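Quick notes on the structure that follows.
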Amino acid sequence: MTSGKKTKATRSSVAAARSSVVAKKPKPWGTIIAVIAVLALAGTVFGYAYSQISAKNEQEAALAKWNPSEENKDPSDQIQGVIKKDYKAGKHVQPTQRVAYDQSPPFGGPHDGAWANCTGIVYAKPVRTENMVHSLEHGAVWIAYNPDQVSGDALAKLQKKAEGQQYTMISPYPGLDKPVSLQAWGHQLKVESADDERVDQFIQSLRRNQYTYPEIGAACDSTTFDVDNPPPFVAEKPGADAVPMDGGTEDQAETGGTSGAATPPTTQPSS
């Protein structure tokens, strides 16, 4: 009997010891912390993605009223400050000629036969005006800025609106009377800041707006325009020999009812 009692006692002692060991086993804090960190990171990533998508949706919704349609052919009519003028299309000048434009920057009138590449190009230097105007005839929006007034973050914001965006281009325009000026064929808007909401409204309203530009279906990439070495901007006012606003040579390919891009000349003014 004594032996049985001792065996029972021994077993109880062993069980108690084991329970003590199990009870004293440390919690896997490292694993717990790692799991919490992963969950927190996942939450942060999800939250950021959700906020980005929400912001994009809000922006698209805000710009929806600026989408051209049969019922709303020119949404820019609702944008305060937009100037509109009628210009005859398809009037070309030679690469060595200048035009006595009636606006600065111009947004219509005679222009060079070679259009400036407007496939989301960010021009670091000022470009010859006569080439830029031709791109407007193809449905592009030209963002011009005064390099003495726009730089740093403000310039980066403007460039982002053009970079990689088809039928959009941006370039400095020395002597501009406002910090920023936007041009589409027959339309112009000048603003004081790159943060002005009207910048996006103008682009949304007029970029490739089939109701407001002459050459429907015309291309914006140019095989004859040197993007890396474009014809330079001329700051001086045109002389007496400049082509007047009602001048230029009519391009039959553009005015004869054909669609698409006109054939540009194979030469450009030297830089």
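Its first residue numbered 1, the sequence shown is counted upward by one per residue in our numbering. Every residue, glycine too, gets a C-beta built ideally from N, C-alpha and C. On a predicted model such as this, the values are computed, not experimentally measured, just so you know.
Candidates I36, C220 and A194: closest to L136 by CA position: C220
- prompt: For D112, which residues does DSSP report across the bridge?
  reply: V93
- prompt: So, do the region 110-129 and the region 200-210 have three or more beta carbon pairs nearer to each other than 8 Å?
  reply: no
query: Between D74 and Y211, which are expected to be in contact by the criterion C-beta below 8 Å, what is the C-beta distance as a whole number of angstroms?
result: 6 Å
query: Between Q97 and V243, what straight-line distance do the alpha-carbon atoms span, to the nearest angstrom?
result: So the alpha carbons of these two residues sit roughly 7 Å apart.
- request: Please state if the CB of Q188 and the CB of I79 are separated by a distance shorter than 8 Å.
  value: no
message: Can you give me the C-alpha to C-alpha distance between G139 and Q204, rounded to a whole angstrom?
response: 12 Å
- prompt: Does DSSP classify E254 as helix, strand or coil?
  reply: The answer is helix: DSSP assigns E254 an H, G or I state.
message: Under 8 Å, with one C-beta from each stretch per pair, do the region 172-182 and the region 144-164 reach the 3-pair mark?
response: yes
- request: Give the secondary structure of I36 by DSSP, where H, G and I count as helix, E and B as strand, and everything else as coil.
  value: helix
message: Taking the alpha carbon of E250 as the reference point, which residue from E70, G113 and N229 has its own alpha carbon closest?
response: G113
query: How would you write the range of the beta strand (DSSP E) that Q183 sits in, first residue to last?
result: V180 to A184
- request: Could you work out which residue in P172, D226 and H134 is closest to D148 when comparing CA atoms only?
  value: P172
message: Quick test of the definition: if touching needs 3 or more C-beta pairs under 8 Å, does the region 95-110 touch the region 124-133?
response: Contact between the region 95-110 and the region 124-133 is present, because at least three Cβ pairs lie under 8 Å.
task: Confirm, please, whether the CB-CB distance from P110 to K91 is below 8 Å.
output: yes
field: Whole-angstrom distance between T223 and V141, CA atom to CA atom
entry: Note on geometry: alpha-carbon atoms of V141 and T223 lie some 20 Å from one another.
query: Excluding the five sequence neighbours on either side, which residues of its own chain have a C-beta within less than 7 Å of the C-beta of E192, listed in chain order?
result: Result list for E192: K178 and P179, in chain order.
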